[in-house]
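Quick note on the numbering used here: the sequence shown kicks off at 54 and runs consecutively.
Note that CB positions come from ideal geometry on N, CA and C, so glycine has one too.
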Amino acid sequence: MAALEDERQKNDIELAMMPNVRESLDDCHMRYYKYDIPSVEYSVYDRPRLKFREFPHLATIGWTGLDGTVQWNCMGTLVWENFILTSARCTRNENQVAPDVTRMGNPGAEQQIKIAEVIRHPEYREGGRQHNIALLRLESKFEVDATVVPACLWGKEEIKFRTMEAVSGTDLGTSTVSKVTVRPVTGGCGGLASNGTGQSSNLCVENSELDSCLGNTGGFLQVSLLHSAKVSPFVVAIGSAASNSCAQSKPFEYTKVSAYVPWIRSTIEAAGEPAWGS
């Protein structure tokens with residue numbers, strides 16, 4: 054218990070030395086996961102987690118109809134207080150209409166914010182598999198708390214994780230959000246895509262339980278890493294499967310985040326946010 058208290062004091066000092074205004078995408082695990090410091094009653098592996106606490110970076114993306122009702126048909130990942138990362142396929146519905154609203158947080162007390170701008174990767178082509186990634190700039194910033202926290206991004210090209218968590222669904226307040234353990238496909242995606250820098254920008258995974266029809270909802274791959282007695286989720290990739298890829302026996306294709314971190318940073322900075330970093 055004394056060791057845990059010493060670790061907490063160390064974390065408090067580190068947080069106190071950080072600037073009040075966020076300046077980098079790289080400070081996520083230190084800045085935000087103070088909300089995830091374990092209590093003495095539970096180990097970092099055994100703590101009970103409510104669904105909206107387990108995925109505090111998960112945002113639902115919606116389309117407001119003429120009658121005022123919202124269809125929550127996609128999901129994304131909060132990467133900055135006013136930016137959501139998602140699949141480019143989530144930037145238009147079947148009627149070619151862009152989403153206009155997003156929400157996060159504790160069901161019944163959600164924060165809901167309008168979308169100000171939809172920013173697809175400039176090299177994405179409608180229906181394509183390459184560069185299938187987008188950012189949504191919001192009209193205002195989410196208020197960060199224990200249920201609304203920006204995700205950390207895995208920025209390394211090499212992915213050595215034996216397993217990852219595939220998160221799919223559209224509504225955090227219902228059972229439609231699921232988490233399945235998946236593993237990388239041996240041999241990758243067969244060179245399906247490149248981000249133009251010589252790096253493979255696609256990652257394929259497999260698991261007999263994974264329903265790849267959920268891929269177009271902006272689902273993501275993440276790993277939970279232990280850091281300074283805290284567990285921080287790192288988003289590794291964004292779902293990018295084609296809409297007709299629904300066979301459980303087929304590998305499921307994702308767009309790797311690491312290949313697009315420079316684009317994510319430059320896009321956020323263009324909006325006036327100082328998202329510099331190494």
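In whole angstroms, give me the CA-to-CA distance for residue 317 and residue 119.
33 Å
To which residues does DSSP link residue 189 through a beta bridge?
137 and 171
Flag this pair as yes or no: are the beta carbons of residue 168 and residue 150 separated by less than 8 Å?
no
Return the CA-CA distance between residue 256 and residue 175, expressed in angstroms with no decimal places.
20 Å
Would you list the residues sitting across from residue 256 in a DSSP beta bridge?
307
C-alpha gap between residue 96 and residue 181, whole angstroms
With a pLDDT of 38 at residue 96, under the threshold of 50, the modelled position of that residue is not reliable, and no figure is offered here.
Output the boundary residues of the beta strand (DSSP E) element that contains residue 221.
217-221
Among 189, 141 and 164, the one whose alpha carbon lies nearest that of residue 183:
141
Just list the residues that DSSP pairs residue 119 with in beta bridges.
Bridge partners of residue 119: none, in fact.
Let me check one thing: in DSSP terms, what residues is residue 286 bridge-paired to?
277
Please state if the CB of residue 291 and the CB of residue 111 are separated by a distance shorter than 8 Å.
no
Burial state of residue 274, where buried means 16 or more other Cβ atoms lie within 10 Å:
buried
Three or more C-beta pairs below 8 Å linking the stretch 157-171 and the stretch 206-214:
no
Do you know how far the Cα of residue 188 is from the Cα of residue 129?
9 Å
Between 109, 107, 133 and 156, which lies nearest to residue 127 when the distance is taken from Cα to Cα?
156
Classify residue 193 as buried or exposed, calling it buried when 16 or more other Cβ atoms lie within 10 Å of its own Cβ.
exposed
What first and last residue would you give for the alpha helix (DSSP H) that runs through residue 318?
314-323
Taking all protein chains shown into account, do 16 or more other C-beta atoms lie within 10 angstroms of the C-beta of residue 131, making it buried, or fewer, making it exposed?
buried
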